[in-house]
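Beneath this line is the structure, given in structure tokens, with notes to follow.
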Amino acid sequence: MEILSGLMQGFAVALQPANLLWCFVGVVLGTVVGIMPGLGPPATIAMLLPLTFLMNPAGAMIMLAGIYYGAKYGGSTTSILLNVPGESASVVTCLDGYQMARKGRAGPALGIAAIASFIAGTVGVLGLMLVAPPLAKMALAFSSPEYFALMALGLAMVVLLAGCSMVKALLAMLVGLWIAGIGTDLFSTTSRFTFGRMELLSGIDFVVVAIGIFAIGEVLANVEAREEAQLLPVPKGLRNLLPTVQDLKDCRFAFVNGSVIGFLVGVLPGAGSTIASFISYGVEKAVSRRRSEFGTGVIEGVAAPEGANNSETGGALVPLLTLGIPGSGTPAVLLVALVLWGFKPGPLFIPENPALFWGLVASMYIGNVMLLVLNLPLVPLFAQVLRAPVYVLYPLILGISIVGVYSASGSMFDLALLAVFGLAGYLMRKLDYPAAPLILGLVLGGAMERALRQSLMMSEGSLSILVARPISALMLSSAVLILLIPLFTKVNAWRQKLLS
Amino acid sequence: MSSDFWSGLALGALGAYIIATASGWEYLGPEGPGPGFFPLWYGIAMLALAIVLVITNVRRRIAAEKPVDWSEIRRALTTWLAFAVSIAVLKFVGFIIGFAALTFFIVAVMYRRRLRVAASVALAGATAFYVLFPLALGVPLP
């Protein structure tokens, strides 16, 4: 009943003409961003963040969330037509999507991607609506030790799942913690790592780091290639985009699989939509009667991962809004957006801001319908984005980045930092250091240090407080176990080698 | 030595700097942990992990993981340099001129398009920024 009345309130907010317009702007922008390889939702949201200060927070949140889940719809178009993922979450869609397009079935591949995204995206929002309020109530019992343990657990999972090298992911996270520590320590007013610069006393603005690492870093990485990839023909007319009845029958399990796995993986801090789509693809292949054909253009191989990466967005908003813990890069930028607008994501967020929470939930239902309409008949139009010359696009991204940073702080020093972080973002890509742990370390670093120091003040300096309380002990032990998993694997492999 | 070796060395140096700096701040005071408490621990962790990265790399004796395409890197770094220079001159020439020059450089030099095309893109881009930000949205440009 409480959920129903909340949802009614949410629709009253989301159906306001201005909010409907922002939702539409968000999903269109998201689709375009998803289609364009090299420009992801975290970069776009970070670039637009300063401009949202001029907007009403509900409209701004609805628009930014629209970019987040809209990009998941758009990413499949590039995977299917170009064999290049428009968005990291659509990597696995290339396997069967591109093969379908090569066999002349680009239309049904694009169509099933949109339908699976719609079904699973809606299930993800349903999950968010049902899981978030009770979880927030449960988290009300949390104090500083539990928060510290929760953040440690979240960072441990991010590091474990971040990429090929755990050592590099940990190092990136530690650099994020260091950047978060730059500035004046609020407990003692000591200035830390400021190199004698007055401009650093108030710390480094998150917007500068996020735009530098994501947007500038991506542009520099993409500018390396002089040639543009070749696009396969885009089918025209709705009839050519609709999958057959047999296609829909073949995808029945994929819709369920993508929806459930995507949401569950999304709730888990650190996993993210790329992992959700890979797991969902793996499960689909494992249970399929024609598993040997996967990779040759099987329609379930498109439906399952596309569903999973859309359902994941609903799941990822659960820890963000109820615990204030983002699970990956884009939710981390959204967290900062909420903080900059004056909100405090955490257990009190939903009770204190019901209109914003339920408005967001309702807008996501509406946005998914908008995306289905946009991505079925209008996909040939959106695909034209891929024909836009990159030499026009990249200077525009650089220009928007400069304006975004300057409008947030009005500081020329921050623009110099933007150039520095842009170079750092490029080097991280070249050297295979994942960006998500750095951003999460930066976002959580301040709160994590505060929680740790408050915990130790409560216990008069004794670290035992972190393990004396059952919930924090459980979470810290899980974090340690997670970090030890690669070690166990190595020891096991070594033992096997010795035995053989 | 591979890129991991050099990045490990650089991060190890950063870790050592953090430890050295944080050692100068109060670690534990009468009111609990001081400003040096948290940085000291992540500095130690950073140094330790950087050493692991370097040692692992040396033990594997990897000369290089894959051949480095220096022409690609040169393109990216040249673009970055142009971007950095355009930021440095913003204070003197303003955003519109700085951005137009950056766009012209990217189109004409990096993508080798005709000068007429580069000039048109630069002019159109700068005009669009001026119309959209200060005029339509009221957002000041640097």
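Residue numbers (this note's numbering), protein chains in the order written: chain A, 1425 to 1924; chain B, 117 to 258. Just so it is clear, CB atoms sit at the ideal spot from N, CA and C, and this is done for glycine as well. Values in this document were obtained by computation on a predicted structure and should not be read as measured data.
Flag this pair as touching only if the stretch 1633 to 1651 of chain A and the stretch 1506 to 1514 of chain A have three or more C-beta atom pairs under 8 Å; answer yes or no. no
I think V1549(A) touches N1792(A), with their Cβ atoms under 8 Å apart; what is that distance to the nearest whole Å? What you label residue 1549(A) is simply residue 125 of the first sequence in a count that begins at 1. What you label residue 1792(A) is simply residue 368 of the first sequence in a count that begins at 1. V1549(A) to N1792(A), Cβ: 7 Å. Contact.
G1620(A) versus chain B: which residues are under 8 Å apart at the beta carbon? Stepping through the first sequence from its first residue, residue 1620(A) is reached at position 196. Those do not exist, as G1620(A) stays about 12 Å from chain B at its closest Cβ, beyond 8 Å.
Can you check DSSP and say which residues form a bridge with L1579(A)? Numbered from its first residue, the first sequence carries residue 1579(A) at position 155. Partner(s): none; L1579(A) has no beta bridge.
For chain B, is any of its Cβ atoms less than 8 Å away from the one on E1708(A)? Along the first sequence, one-based indexing puts residue 1708(A) at 284. Cβ-Cβ to chain B under 8 Å: no for E1708(A).
Provide the residue(s) that pair with P149(B) in DSSP beta bridges, ordered along the chain. By 1-based counting over the second sequence, the position of residue 149(B) is 33. Per DSSP, L144(B).
Opposing strand residues paired with S1615(A) [DSSP bridges]: As a working note, residue 1615(A) is residue 191 in the first sequence. Looking at the DSSP assignment, S1615(A) forms a beta bridge with T1608(A).
Mind listing the chain A neighbours of F154(B)? Cutoff is C-beta to C-beta under 9 Å, in chain order. Here residue 154(B) refers to the residue found at position 38 of the second sequence. The contacting residues are L1601, G1605, G1869, M1872, E1873, L1876 and R1877.
Classification of L248(B) by the beta-carbon crowding that lies within 10 angstroms, buried from 16 upward: The residue given as residue 248(B) occupies position 132 in the second sequence. The residue is exposed, with fewer than 16 neighbouring Cβ atoms inside 10 Å.
Give me the residue from T195(B), P151(B), T243(B) and R190(B) with the minimum Cα distance to W134(B). Counted from its first residue, the second sequence places residue 134(B) at position 18. For the sequence presented, residue 134(B) should be read as Ile rather than Trp. Comparing Cα positions, the closest option is P151(B).
Local conformation of P1667(A) per DSSP, three classes: The residue you call residue 1667(A) lines up with position 243 of the first sequence. In the structure shown, P1667(A) sits in coil (DSSP, three-state: anything other than H, G, I, E or B).
Can you pull the chain B neighbours of A1925(A), defined as C-beta to C-beta under 7 Å? Missing from the structure shown is residue 1925(A); chain A here goes from 1425 to 1924 and no further.
Complete alpha helix (DSSP H) runs within the stretch 1851 to 1920 of chain A (minimum length 4 residues, chain order): 1859 to 1882 and 1889 to 1892
Rounded C-alpha distance that separates A1438(A) from L1444(A): As a first step, residue 1438(A) is located in the first sequence; it is residue number 14 there, counting from the start. As a first step, residue 1444(A) is located in the first sequence; it is residue number 20 there, counting from the start. Cα-Cα distance, rounded: 6 Å.
Should the stretch 1731 to 1747 of chain A be called in touch with the stretch 1675 to 1693 of chain A, which here means at least 3 C-beta pairs below 8 Å? yes
Is there at least one Cβ from chain B nearer than 8 Å to P1481(A)'s Cβ? Along the first sequence, read from residue 1 onward, the residue named residue 1481(A) stands at position 57. P1481(A) does not count as touching chain B.
Can you pull the chain B neighbours of Y1493(A), defined as C-beta to C-beta under 9 Å? Taking the first residue of the first sequence as 1, we reach residue 1493(A) at position 69. By Cβ distance, chain B contributes nothing, its closest Cβ being about 25 Å from Y1493(A), past 9 Å.
Contiguous alpha helix (DSSP H) assignments of at least 4 residues, all confined to the stretch 1728 to 1787 of chain A: 1753 to 1764 and 1773 to 1776
Which residues in the same chain as A242(B) place their Cβ atom closer than 6 Å to its Cβ, once the five residues preceding and following it in sequence are excluded? For the purposes of this step, residue 242(B) is identified with residue 126 of the second sequence, where counting begins at 1. Excluding positions up to five away in sequence, the list reads I212, F215 and A216.
Can the beta-carbon of L1475(A) be found less than 8 Å from the beta-carbon of G1828(A)? Here residue 1475(A) refers to the residue found at position 51 of the first sequence. Here residue 1828(A) refers to the residue found at position 404 of the first sequence. In this structure, G1828(A) lies closer than 8 Å to L1475(A) by Cβ.
Along the stretch 223 to 244 of chain B, what residues have a CB closer than 7 Å to any CB found in chain A? V223, M226, Y227, R229, V237 and G241
Taking Cβ-Cβ distances shorter than 9 Å, what residues in chain A pair up with S139(B)? The sequence position of residue 139(B) within the second sequence is 23, counting from 1. Correct list: empty, because the minimum Cβ distance to chain A is about 12 Å.
How about D1629(A): is its C-beta nearer than 8 Å to some C-beta of chain B? By 1-based counting over the first sequence, the position of residue 1629(A) is 205. Chain B contact via Cβ: absent.
For K1496(A), which residues in the same chain have their Cβ closer than 7 Å to its Cβ, ignoring the five residues on either side in sequence? Locating residue 1496(A) in the first sequence gives position 72, where the first residue counts as 1. Within the same chain, K1496(A) has close Cβ partners G1458, E1511, A1513, S1541, S1697, N1733, N1734 and T1737.
Could you name the residues of the same chain whose beta carbon sits closer than 6 Å to that of V1555(A), not counting the 5 residues immediately before and after it, in chain order? As a first step, residue 1555(A) is located in the first sequence; it is residue number 131 there, counting from the start. Once the five neighbours on either side are set aside, the close Cβ partners of V1555(A) are V1742.
If you count every other CB in all the chains shown that lies within 10 Å of the CB of W157(B), and 16 or more means buried, which is it? Taking the first residue of the second sequence as 1, we reach residue 157(B) at position 41. Classification of W157(B): buried, given that the 10 Å Cβ count is 16 or more.
Measure from the C-beta of A161(B) to each C-beta in chain A and report whether the shortest distance is under 8 Å. In the second sequence, residue 161(B) corresponds to position 45, counting from 1. Yes - at least one Cβ of chain A is within 8 Å of the one on A161(B).
Quick test of the definition: if touching needs 3 or more C-beta pairs under 8 Å, does the stretch 1556 to 1573 of chain A touch the stretch 1870 to 1888 of chain A? yes
Give the residues from the stretch 1741 to 1760 of chain A that approach chain B closer than 8 Å (Cβ to any Cβ), ordered along the chain. none
Does L1880(A) get closer than 8 Å to chain B when you measure Cβ to Cβ? Walking along the first sequence from the start, residue 1880(A) turns up at place 456. Cβ-Cβ to chain B under 8 Å: yes for L1880(A).
Where L169(B) and D1856(A) are concerned, what is the direct C-alpha to C-alpha distance, given to the nearest angstrom? Position 53 of the second sequence holds residue 169(B). Position 432 of the first sequence holds residue 1856(A). If you take the alpha carbons of L169(B) and D1856(A), they lie about 13 Å apart.
Give a yes or no on whether the C-beta atoms belonging to L141(B) and T1614(A) are separated by under 8 Å. As a first step, residue 141(B) is located in the second sequence; it is residue number 25 there, counting from the start. As a first step, residue 1614(A) is located in the first sequence; it is residue number 190 there, counting from the start. Checking the displayed sequence, the identity of residue 141(B) turns out to be Trp instead of Leu. Against a cut-off of 8 Å, the Cβ pair of T1614(A) and W141(B) comes out as a contact.
Secondary structure, alpha helix (DSSP H): runs of 4+ residues fully inside the stretch 202 to 228 of chain B: none
So with CB distances below 7 Å, who are the chain B contacts of M1485(A)? For the purposes of this step, residue 1485(A) is taken as the residue at position 61 of the first sequence. Neighbours of M1485(A) on chain B: none; closest Cβ ~19 Å, over 7 Å.
Quick one: Cα of R1893(A) to Cα of Q1440(A), how far? As a first step, residue 1893(A) is located in the first sequence; it is residue number 469 there, counting from the start. As a first step, residue 1440(A) is located in the first sequence; it is residue number 16 there, counting from the start. Distance between the alpha carbons of R1893(A) and Q1440(A): 46 Å.
Kindly indicate which three-state DSSP category A1596(A) falls into: helix, strand or coil? Working through the first sequence from its first residue, we reach residue 1596(A) at position 172. A1596(A) falls in the helix class under three-state DSSP.
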